[in-house]
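2 protein chains.
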Amino acid sequence: MKKAIFFLINKKGILYALNLLLLPLLIQAQRRPSKIVSPEVLPDNSVIFRLKAPNANSVQLSGTWPKSFKNMIPMTKVDSVYEIKIGPLPSDMYEYEFILDGIPTLDPNSSMVTRDGAWIQNRLMVPGAQADIYDVKPVPHGDLKAVWYNSATLGTERRMFIYTPPGYDKNKKSYPVLYLLHGGGGDEEVWLSRGRANYIIDNLIATDKAEPMIVVITNGNPVTTAAPLDRLAAMQNKVAPGINSMASGKFEESLVKDVIPYIESNYRVIADANHRALTGFSMGGYQTQNITNANPDKFKYIGVMSMGLFSTFIKDGNYKKEEHVKQLKELQKNNPKVYWIGIAKDDFLYSSVVKMKELYDEVGFKYTYRENEGTHDWNSWRLYLSEFAQLAFK
Amino acid sequence: MKKAIFFLINKKGILYALNLLLLPLLIQAQRRPSKIVSPEVLPDNSVIFRLKAPNANSVQLSGTWPKSFKNMIPMTKVDSVYEIKIGPLPSDMYEYEFILDGIPTLDPNSSMVTRDGAWIQNRLMVPGAQADIYDVKPVPHGDLKAVWYNSATLGTERRMFIYTPPGYDKNKKSYPVLYLLHGGGGDEEVWLSRGRANYIIDNLIATDKAEPMIVVITNGNPVTTAAPLDRLAAMQNKVAPGINSMASGKFEESLVKDVIPYIESNYRVIADANHRALTGFSMGGYQTQNITNANPDKFKYIGVMSMGLFSTFIKDGNYKKEEHVKQLKELQKNNPKVYWIGIAKDDFLYSSVVKMKELYDEVGFKYTYRENEGTHDWNSWRLYLSEFAQLAFK
Chain W
1 MKKAIFFLIN KKGILYALNL LLLPLLIQAQ RRPSKIVSPE VLPDNSVIFR
51 LKAPNANSVQ LSGTWPKSFK NMIPMTKVDS VYEIKIGPLP SDMYEYEFIL
101 DGIPTLDPNS SMVTRDGAWI QNRLMVPGAQ ADIYDVKPVP HGDLKAVWYN
151 SATLGTERRM FIYTPPGYDK NKKSYPVLYL LHGGGGDEEV WLSRGRANYI
201 IDNLIATDKA EPMIVVITNG NPVTTAAPLD RLAAMQNKVA PGINSMASGK
251 FEESLVKDVI PYIESNYRVI ADANHRALTG FSMGGYQTQN ITNANPDKFK
301 YIGVMSMGLF STFIKDGNYK KEEHVKQLKE LQKNNPKVYW IGIAKDDFLY
351 SSVVKMKELY DEVGFKYTYR ENEGTHDWNS WRLYLSEFAQ LAFK
Chain A
395 MKKAIFFLIN KKGILYALNL LLLPLLIQAQ RRPSKIVSPE VLPDNSVIFR
445 LKAPNANSVQ LSGTWPKSFK NMIPMTKVDS VYEIKIGPLP SDMYEYEFIL
495 DGIPTLDPNS SMVTRDGAWI QNRLMVPGAQ ADIYDVKPVP HGDLKAVWYN
545 SATLGTERRM FIYTPPGYDK NKKSYPVLYL LHGGGGDEEV WLSRGRANYI
595 IDNLIATDKA EPMIVVITNG NPVTTAAPLD RLAAMQNKVA PGINSMASGK
645 FEESLVKDVI PYIESNYRVI ADANHRALTG FSMGGYQTQN ITNANPDKFK
695 YIGVMSMGLF STFIKDGNYK KEEHVKQLKE LQKNNPKVYW IGIAKDDFLY
745 SSVVKMKELY DEVGFKYTYR ENEGTHDWNS WRLYLSEFAQ LAFK
């Protein structure tokens with residue numbers, strides 16, 4: 001097949017320039033023969049999805065658009081192409097995939113793919129105000145560095161990303177630092193791949209909506225060193241003694257004992273609570289609570305996304321309300337400038353946030369509350385970061 | 395569904411610690427319900443692949459293993475799971491995918507996914523000597539930085555990766571630089587995602603097989619600024635005037651005029667030909683030839699991977715042999731220390747390399763030749779980098 005294509009081109013003696021034009025496509029074409037347009041965003045922000053699948057029994061479209069559009073939509077077969085038009089969709093970034101005879105399948109006509117742990121899906125950017133917050137814009141871009149640091153707490157080298165704002169390498173200024181945590185199943189890549197953290201911060205800085213800041217993106221799983229492809233093979237599924245899960249609290253400890261000192265000794269940062277922010281969603285929202293409860297003097301900007309008080313913590317015998325209240329009072333004494341809580345109306349953890357707010361109100365603990373249409377997904381977390389980052393360091 | 399799972403856990407009052415253990419899995423499980431093991435690497439390096447697909451008509455396995463194992467293997471349905479065992483496979487890193495009713499599909503039970511342009515596939519690492527060259531090992535790791543630089547030649551900001559060797563930030567030494575180019579359809583991420591360049595160099599440095607070096611990985615497509623997700627949306631498919639393809643030669647020009655000066659003014663490098671290496675495969679092998687032919691005094695270490703003289707160049711009227719010979723003689727005068735050519739026996743460009751060698755022999759131009767079992771794929775290019783990097787700067 002490969003040889004045949006090349007031979008054909010060769011035999012026909014197509015012009016030199018044409019060959020050069022074709023070469024990348026040619027090499028590409030050897031593995032992905034049928035090119036149809038999908039997704040096609042129409043001028044009114046309706047979107048047509050297409051999948052050529054002559055041998056399939058059924059194809060459905062699944063995506064993170066608002067629930068009014070349905071999550072799982074049967075596609076219609078016209079000749080050999082399954083097709084569906086949805087929308088107009090509100091401007092936003094969405095994840096989508098095809099369900100081909102029951103199996104989640106990427107759109108072979110798009111190379112826009114993001115990963116959150118084991119969820120690998122296509123990206124759809126629907127133009128407009130919300131997409132503009134997440135998209136790459138013609139503004140100065142910060143640098144993004146993957147570094148390995150030693151965590152004495154977790155007994156291993158670990159990988160993290162450090163975003164430095166535009167101009168960092170050209171000036172001598174010191175910067176505030178935002179520590180950004182991910183959710184269960186994720187890793188240090190997800191706030192970049194799916195969260196667009198670097199572009200959100202680029203765009204906010206460029207429009208003077210956020211202070212220039214360093215952003216530190218860690219891997220919040222105490223048992224893994226890095227994202228799957230960057231993990232020591234011998235360490236796969238290997239659990240270090242006493243660090244066996246998120247319940248160990250060891251990630252929280254390592255952030256304070258290993259990550260912050262690493263950043264503060266290797267980067268030009270303003271090393272005080274007024275210039276440290278911490279936020280995370282889901283598991284990372286839980287970790288944010290743990291870290292700030294245990295270290296009330298470390299962060300003046302705190303964002304708890306999509307996570308409240310786990311109802312089960314309260315029911316079982318291990319939750320000590322008294323202790324929690326004491327921690328909250330201590331935190332209050334340290335006057336956090338922002339304690340931000342974000343939750344979507346259809347989030348399965350919504351009731352846990354209601355419980356958390358009840359407790360905070362009872363204690364008189366001050367917070368800012370943000371409720372949005374949506375669910376426990378990246379549409380919420382990207383939005384939250386874009387809002388929380390504007391509140392930090394001001 | 396989400397709420398149901400959470401409610402269930404809640405009602406049953408499972409222990410606090412167990413909840414925390416389960417949370418990441420739980421959140422994960424909401425989208426990927428059935429977990430089976432795939433791929434399963436057996437002690438003898440045979441591999442079992444599995445896909446639960448009760449509604450599919452057929453599933454095949456496609457992968458980059460040696461051709462003796464066949465590229466496209468029908469999988470057998472046992473109950474609702476399609477399964478196939480292949481091997482024992484030679485130690486190496488392979489790309490694979492399932493073909494589900496004719497559509498390339500990722501293995502939903504693996505989060506090991508790499509991308510080369512539009513080809514998004516799963517990764518399989520088969521343990522042993524070859525995998526050890528590509529895998530993350532417990533050795534010091536270099537840092538990897540994504541930066542945006544201005545290309546006056548291409549009239550835009552562009553993205554590239556810069557690998558600095560372990561210790562770079564802690565010492566004051568200056569380093570040699572390897573410039574690494576990708577193939578048609580690829581972008582600046584592919585030498586990392588699929589090529590394992592940073593880990594190959596980490597491992598070679600750690601075992602004293604390669605000199606500590608900086609590695610610069612560019613985007614070789616003159617018409618795009620960055621990988622798909624990092625590209626300005628407004629720039630998609632937008633062709634700058636006069637820079638419309640690889641035939642423009644503008645990427646080659648920009649490497650010399652924009653990239654090298656950027657690196658040499660922003661990093662601690664030894665800025666002479668003895669400390670510059672250039673290599674690339676396929677389209678990048680063509681660009682490597684163009685750059686070194688046009689700039690014979692810039693690089694003393696040159697690697698041309700999987701690309702020779704395009705037969706079509708010779709047939710049509712635009713190829714000027716005389717000019718090429720003159721360039722080769724000029725390059726020879728500059729005494730490159732290594733001019734390395736690598737090609738696989740089943741590469742569809744094999745005959746172009748035969749033609750190139752014939753010309754070089756005719757001219758008396760010296761080169762090192764490496765032929766391997768294999769084809770035009772990443773198994774060859776990873777191997778080539780691991781060998782070429784050992785020859786550079788020595």
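Quick mapping for you: the protein sequence lines, in order, are chains W and A. Residue numbering for the first sequence follows my numbering, beginning at 1 and increasing consecutively. Residue numbering for the second sequence follows my numbering, beginning at 395 and increasing consecutively. Even glycine gets a Cβ: it sits at the ideal position worked out from N, Cα and C.
query                                                                                                                           : result
Contact set between the region 121 to 138 of chain W and chain A, restricted to residues whose Cβ is under 8 Å from the partner : 123, 125, 127, 131, 135, 136, 137 and 138
Whole-Å CB distance - residue 393(W) paired with residue 211(W), under 8 Å assumed                                              : 4 Å
Reference residue 511(A); option with closest CA among 577(A), 753(A) and 670(A)                                                : 577(A)
When 286(W), 280(W) and 256(W) are compared against residue 273(W), the one with the closest alpha-carbon                       : 256(W)
As assigned by DSSP and simplified to three states, the class of residue 652(A)                                                 : helix
Strand pairing of residue 677(A), partner residues [DSSP]                                                                       : DSSP lists no partner for residue 677(A).
Residue environment, residue 37(W), which counts as buried when at least 16 other CB atoms sit within 10 Å                      : exposed
Range of the contiguous beta strand (DSSP E) that encloses residue 781(A)                                                       : No beta strand (DSSP E) contains residue 781(A), which is instead part of the alpha helix (DSSP H) from 772 to 785.
One or two residues paired with residue 491(A) in a DSSP bridge                                                                 : 456(A)
Straight-line gap, residue 374(W) to residue 129(W) (C-alpha atoms, nearest Å)                                                  : 17 Å
Residues of its chain near residue 248(W), where Cβ-Cβ distance is below 6 Å and the 5 sequence neighbours each way are ignored : 222
Contacts that residue 542(A) makes with chain W (C-beta to C-beta distance below 7 Å)                                           : 141
Element boundaries [beta strand (DSSP E), containing residue 372(W)]                                                            : 368 to 372
Residue 360(W) versus 327(W), 268(W) and 192(W), residue with shortest Cα-Cα distance                                           : 327(W)
Chain W within 8 Å of residue 666(A), Cβ atoms only                                                                             : no
Cross-chain neighbours of residue 495(A) in chain W, by beta carbon under 8 Å                                                   : 53, 55, 56, 57, 100 and 101
Neighbour-count burial assignment, residue 762(A), 16 or more Cβ in a 10 Å radius                                               : exposed
Check whether residue 107(W) and residue 494(A) have beta carbons under 8 Å apart                                               : no
CB contact flag (residue 218(W), residue 160(W), <8 Å)                                                                          : yes
Test item: CB-CB of residue 571(A) and residue 670(A) under 8 Å                                                                 : yes
Those runs of the beta strand (DSSP E) which lie wholly inside the region 173 to 200 of chain W and span at least 3 residues    : 177 to 181
Sufficient close CB pairs (3 or more, under 8 Å) joining the region 534 to 551 of chain A to the region 470 to 478 of chain A   : no
Residue 57(W), buried or exposed, once every other Cβ within 10 Å from all chains shown has been counted against 16             : exposed
Residue 251(W), DSSP secondary structure in three states                                                                        : helix
Candidates 778(A), 469(A), 471(A) and 757(A): closest to residue 697(A) by CA position                                          : 778(A)
Residue-chain proximity (residue 686(A), chain W), Cβ-Cβ < 8 Å                                                                  : no
Three-state secondary structure (DSSP) of residue 464(A)                                                                        : coil
Same chain, Cβ closer than 8 Å to residue 521(A), five either side skipped, listed in chain order                               : 435, 439 and 485
Neighbour-count burial assignment, residue 614(A), 16 or more Cβ in a 10 Å radius                                               : buried
Residue nearest to residue 388(W) in terms of C-alpha spacing, selected from 132(W), 131(W) and 179(W)                          : 179(W)
Span of the alpha helix (DSSP H) around residue 353(W)                                                                          : 350 to 363
Contact check, residue 337(W) vs residue 301(W), beta carbons under 8 Å                                                         : yes
Distance, residue 448(A) Cα to residue 471(A) Cα                                                                                : 9 Å
Three-state class that DSSP yields for residue 325(W) in the structure shown                                                    : helix
Local Cβ density within 10 Å of residue 195(W), reported as buried at 16 or more and exposed below that                         : buried
For residue 298(W) and residue 451(W), the rounded distance between their alpha carbons                                         : With chain W running from 1 to 394 in the structure shown, residue 451(W) is simply not present.
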